[in-house]
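Asker: I have a structure I would like to understand better, so I am pasting it below and will then ask my questions one at a time.
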Amino acid sequence: MDYVIQTSGLTKKLKGKTIISDINLHVKKGEIYGFLGRNGTGKTTIMKMLTGITTPTSGEVLLFNQKLTEETKTVLKRVGSVIEYPIFYEHLTAIENMKLHGEYLGFYDEKEINDALDMVQLKDTEDKTVKDFSLGMKQRLGIARAIVMKPELIILDEPTNGLDPIGIKDIRNLILMLNREYGITFLLSSHILGEMEQVVDRVGVINNGKLLNEVTLADIRKKRTEYIELMTPNMEKALYLLESNFQISNFKMVTNNRIRIYDLTHSQKTISKMLILHDVEIEEIQKHTSSLEDYFYEQVNGGGKLD
Amino acid sequence: MANLIKLILLEGKKLKRHIIIGEVIIYWIALMFLPLLFIKQVSADFGNSFTTVMELNKAIQTGLILFGASLINQVFIDEYKNKTISLAYSYPINRKQLFTAKILFIALLVFLVTIISYTLTAVSTYLIDQVHPFIMGEFNPDDILLYFKDMIIRSFQITVISFIPLYFLGIWKRLTIPTVLCAILIMQLLNFAPMLNLNLDLLIVLLFLLGGLSIILSIFKVKKVGEI
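Chains P and Z supply the protein sequences, listed in that same order. Residues -10 to 296 (the numbering used here) make up the first sequence, in order. Residues -12 to 215 (the numbering used here) make up the second sequence, in order.
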């Protein structure tokens, strides 16, 4: 298998505390891979280890089948990244920052720099120092810097942070375009799961510094289940009626006033009608399809919402 | 080597140049007139001969150790504080090479600024003396050679000594004010050594070795201490 990123037993300890434990990550060439995980679960630390910003306590990172060490950092020429939040020399202008980046990578093409700035709609900000940029502008400039060399791998940590809805859509389209037209592999993290669902091919779920699972979005979709969610204060009566009238036994009690009915032999409308006729108060009834969000909650097993 | 030179030049591009240029101009102007001020206001003995003025100038130029501390702040500590060091770490450059370039950049700048400061002080002191004589004795052309020799040696000593705070306060602890205070302490120690009955030459050797040790540790311990 042609992997762009591979890690084995990647572990990071800080002050004796293990924050990343035994990560075995596999990112294939040409795919868009999404990191899912709550805030503080270690996504950024893993990304920092993948880009040489911080060194692992144990385990190894392979980029393009080459082990990343201080001596082999030249492999990072093939990687563009924005980790944690976009960092710049704030007293310099956007174009000066881009040029500096190019010089560190041994690349200098003013046209490419202008094209990258154009792609993220920052072309008319040449004379403005970065300290006067909004967070959204810095985010876009960070992405421009990551893509300017059209690297083979781009790692973006929360790339839509600070962007307005139009900006989010633009970045999503840009990622898809770069992936399709240039075959660039992406590793993304985001806490907006709906956003990730629209872009990624495969996800890795991180919880408490551990990689729980790697799965393609297509596989998640195959496993998708539909259910009717019912909220009622008369739970016992509702359950009795569902079993006796409709022979429904495939359901799950989520809380003491909320159930999920997986047996869809009867429609939402029929169930509502039957319960109302038997004086069962219905606070809410709705048909759902399990999403990436549901998959994520199921994986982390906590049931809590993302921050 | 070419890569190292490129990295040194890039350090210059990242610098807040207007701040450094302003600082250097203030140092040069202040140090230019200090010999006159010391002879007129502190002790006329400093002006007994051109040789005594040269000794006085040696002490005056140690002020540039503070300039070294200021550069440590901009080139190292600010990079950690603004997190731009993580950007530098993400480039295909090994950390030892990156830190070597940073150290050489500071060293070259401190050395160059000290040499120019020495020259400016010498020229201004000589010219003022020509207009309003305040140095006794005659100017001996041999003094020029001695002055140049002193200038090179002293500038090199100042450059290396200015790195004393780098390893512990700059890279490990990343503390701005203690780095400056450490530089002031070293300057004062050098200037007050005769009053404290310390052997000045021995003290300079010790401080020089400490500065060298700080440089070596900064480069070779970067993987551990330079970690974000």
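Where is the CB? At the ideal position from N, CA and C, for every residue including glycine.
Can you give the beta carbon distance from His15 of chain P to Glu203 of chain P, rounded, assuming they're within the 8 Å contact cut?
Answerer: Walking along the first sequence from the start, residue 15 of chain P turns up at place 26. Walking along the first sequence from the start, residue 203 of chain P turns up at place 214. Confirmed, about 6 Å.
Asker: For His90 of chain P, report the span of its alpha helix (DSSP H) as first-last.
Answerer: In the first sequence, counting from the first residue as 1, residue 90 of chain P sits at position 101. Per DSSP, His90 of chain P belongs to the alpha helix (DSSP H) from Ala83 to Tyr93.
Asker: Any idea what DSSP makes of Met138 of chain P, helix, strand or coil?
Answerer: Locating residue 138 of chain P in the first sequence gives position 149, where the first residue counts as 1. Three-state DSSP puts Met138 of chain P in coil, outside helix and strand.
Asker: Going by DSSP, what residue range makes up the alpha helix (DSSP H) through Arg169 of chain P?
Answerer: Sequence index remark: in the first sequence, residue 169 of chain P carries index 180 (1-based). That run of the alpha helix (DSSP H) goes Pro154 to Tyr171.
Asker: Using the three-state DSSP reduction, which class does Ile42 of chain P fall into: helix, strand or coil?
Answerer: Here the question's residue 42 of chain P lines up with position 53 in the first sequence. Of the three classes helix, strand and coil, the one that applies to Ile42 of chain P here is coil, per DSSP.
Asker: Whose C-beta lies closer than 7 Å to the C-beta of Leu156 of chain Z among residues of the same chain, with five residues either side of it excluded?
Answerer: Start at 1 with the first residue of the second sequence, and residue 156 of chain Z comes out as number 169. Taken in chain order, the residues that qualify are Leu162, Pro165, Thr166 and Cys169.
Asker: Going along the chain, which residues of its own chain have a beta-carbon closer than 7 Å to the beta-carbon of Thr112 of chain Z, five neighbours each way excluded?
Answerer: Numbered from its first residue, the second sequence carries residue 112 of chain Z at position 125. So the qualifying residues of the chain are Pro22, Leu23 and Val40.
Asker: Which residues of chain Z have a Cβ atom closer than 8 Å to the Cβ of Glu92 of chain P, listed in chain order?
Answerer: As a working note, residue 92 of chain P is residue 103 in the first sequence. For Glu92 of chain P, the chain Z residues whose C-beta falls within less than 8 Å of its own C-beta are Lys(-7), Leu(-3) and Lys0, listed in chain order.
Asker: In chain order, which continuous runs of the alpha helix (DSSP H) of length 4 or greater are located wholly inside the region -6 to 18 of chain Z?
Answerer: none
Asker: Looking only at its own chain, which residues have a Cβ that is under 7 Å from the Cβ of Lys83 of chain Z, when we skip the five neighbours before and after it?
Answerer: Counting from 1 along the second sequence, the entry for residue 83 of chain Z is found at position 96. Taking C-beta separations shorter than 7 Å and ignoring five residues to either side along the sequence, the partners of Lys83 of chain Z in its chain run Ile206 and Val209, following chain order.
Asker: For the region 120 to 194 of chain Z, which segments carrying the alpha helix (DSSP H) assignment without a break, of at least 4 residues, lie completely within its bounds, in sequence order?
Answerer: 128 to 148 and 163 to 179
Asker: Using a C-beta to C-beta distance shorter than 7 Å, which residues of chain P count as neighbours of Leu74 of chain Z?
Answerer: The residue you call residue 74 of chain Z lines up with position 87 of the second sequence. From the beta-carbon of Leu74 of chain Z, the residues of chain P found nearer than 7 Å are Ile76.
Asker: Which of the three DSSP states, helix, strand or coil, is assigned to Asn44 of chain Z?
Answerer: Reading the second sequence from its first residue, position 57 is the one you call residue 44 of chain Z. DSSP places Asn44 of chain Z in helix when its eight states are reduced to three.
Asker: Under the DSSP definition of a beta bridge, which residues are partnered with Arg247 of chain P?
Answerer: For the purposes of this step, residue 247 of chain P is taken as the residue at position 258 of the first sequence. Partner(s): P:Met220 and P:Thr244.
Asker: Taking only beta carbons into account, state which residues of the region 77 to 90 of chain Z come closer than 8 Å to chain P, listed in chain order.
Answerer: Ser77, Tyr78, Pro79, Ile80, Asn81, Arg82 and Lys83
Asker: Please confirm whether Lys210 of chain Z has its beta-carbon closer than 9 Å to some beta-carbon of chain P.
Answerer: The sequence position of residue 210 of chain Z within the second sequence is 223, counting from 1. Judged by the 9 Å Cβ criterion, Lys210 of chain Z is in contact with chain P.
Asker: Helix, strand or coil: which one does DSSP assign to Ile215 of chain Z?
Answerer: As a first step, residue 215 of chain Z must be located in the second sequence, where it is residue number 228. Three-state DSSP puts Ile215 of chain Z in coil, outside helix and strand.
Asker: Going residue by residue through the region 5 to 58 of chain P, where are the continuous beta strand (DSSP E) segments of at least 3 residues, counting only ones entirely within it?
Answerer: As summarised for the region 5 to 58 of chain P, the continuous beta strand (DSSP E) elements at least 3 residues long and confined to that stretch are 6 to 12, 15 to 17, 21 to 25 and 47 to 52, given in chain order.
Asker: Using a Cβ-Cβ cutoff of less than 8 Å, which residues in the same chain neighbour Phe195 of chain Z once the five nearest sequence positions on both sides are dropped?
Answerer: Within the second sequence, residue 195 of chain Z is the residue found at index 208, counting from 1. So the qualifying residues of the chain are Gln144, Val147 and Ile148.
Asker: What separation, rounded to the nearest whole angstrom, lies between the Cα atoms of Val29 of chain Z and Asn69 of chain Z?
Answerer: Along the second sequence, read from residue 1 onward, the residue named residue 29 of chain Z stands at position 42. Along the second sequence, read from residue 1 onward, the residue named residue 69 of chain Z stands at position 82. Each residue's Cα considered, the two are about 43 Å apart.
Asker: Can you look up Glu147 of chain P in the DSSP assignment and give me helix, strand or coil?
Answerer: As a first step, residue 147 of chain P must be located in the first sequence, where it is residue number 158. It is coil, neither helix nor strand.
Asker: Can you list the residues of chain Z that Ile42 of chain P reaches, using a CB-CB cut of under 8 Å?
Answerer: Here residue 42 of chain P corresponds to residue number 53 of the first sequence, with the count starting at 1. Correct list: Ser73, Tyr76, Ser77 and Ile215.
Asker: Distance check for Leu58 of chain Z and Arg141 of chain Z, CA to CA, integer angstroms please.
Answerer: Against the second sequence, residue 141 of chain Z aligns to sequence position 154. Against the second sequence, residue 58 of chain Z aligns to sequence position 71. Their Cα atoms are separated by approximately 19 Å.
Asker: Once DSSP output is grouped into helix, strand and coil, what is the label at Met196 of chain P?
Answerer: If you number the first sequence from 1, residue 196 of chain P lands on position 207. For clarity, residue 196 of chain P is Asn in the given sequence; the question names Met instead. Correct three-state label for Asn196 of chain P: strand.
Asker: Check the Cβ-Cβ distances between Ile72 of chain P and every residue of chain Z, and say whether any is below 9 Å.
Answerer: As a first step, residue 72 of chain P must be located in the first sequence, where it is residue number 83. Chain Z, which has a Cβ nearer than 9 Å to the Cβ of Ile72 of chain P, makes this yes.
Asker: Taking just the CA atoms, how far does Val62 of chain Z sit from Asp296 of chain P?
Answerer: Locating residue 296 of chain P in the first sequence gives position 307, where the first residue counts as 1. Locating residue 62 of chain Z in the second sequence gives position 75, where the first residue counts as 1. Only weak support is given to the placement of Asp296 of chain P: the predicted model assigns it a pLDDT of 36, under 50, and the question is left unresolved by the model.
Asker: At the 9 Å Cβ level, is Lys27 of chain Z part of the contact set with chain P, yes or no?
Answerer: As a position in the second sequence, residue 27 of chain Z is number 40, starting the count at 1. So no, Lys27 of chain Z is outside the interface.
Asker: Specify the secondary structure class of Gly293 of chain P as computed by DSSP and reduced to three states.
Answerer: One-based indexing of the first sequence puts residue 293 of chain P at position 304. Confidence in Gly293 of chain P is poor, its pLDDT being 39 and thus under 50, which makes the residue's placement too unreliable to answer from.
Asker: Which bits of chain P does Lys160 of chain Z rub up against, with CB to CB less than 7 Å?
Answerer: As a working note, residue 160 of chain Z is residue 173 in the second sequence. Neighbours of Lys160 of chain Z on chain P: none; closest Cβ ~16 Å, over 7 Å.
Asker: Between which two residues does the beta strand (DSSP E) harbouring Phe175 of chain P extend?
Answerer: Indexing the first sequence from 1 puts residue 175 of chain P at position 186. Note, Phe175 of chain P: beta strand (DSSP E), Thr174 to Ser178.
Asker: Using three-state DSSP, classify Val188 of chain P as helix, strand or coil.
Answerer: Position 199 of the first sequence, counting from 1, holds the residue named residue 188 of chain P. Coil.
Asker: At what residues does the beta strand (DSSP E) containing Glu101 of chain P begin and finish?
Answerer: Locating residue 101 of chain P in the first sequence gives position 112, where the first residue counts as 1. It is not in any beta strand (DSSP E) - Glu101 of chain P instead sits in the alpha helix (DSSP H) that spans Glu99 to Met108.
Asker: Going by CA-CA distance only, name the one from P:Lys211, P:Glu282, P:Met224 and P:Glu218 that's closest to His267 of chain P.
Answerer: By 1-based counting over the first sequence, the position of residue 267 of chain P is 278. For the residues P:Lys211, P:Glu282, P:Met224 and P:Glu218, the minimum Cα distance to His267 of chain P belongs to P:Met224.
Asker: For the beta strand (DSSP E) containing Ser77 of chain Z, list its first residue and its last residue.
Answerer: Position 90 of the second sequence, counting from 1, holds the residue named residue 77 of chain Z. Counting along the chain, Ser77 of chain Z sits inside no beta strand (DSSP E), nor does DSSP assign it H or E at all.
Asker: Have a look at Ile160 of chain P and Ala105 of chain P and give me their C-alpha separation to the nearest angstrom.
Answerer: Translated into positions along the first sequence, residue 160 of chain P becomes position 171. Translated into positions along the first sequence, residue 105 of chain P becomes position 116. Going from the Cα of Ile160 of chain P to the Cα of Ala105 of chain P covers about 12 Å.
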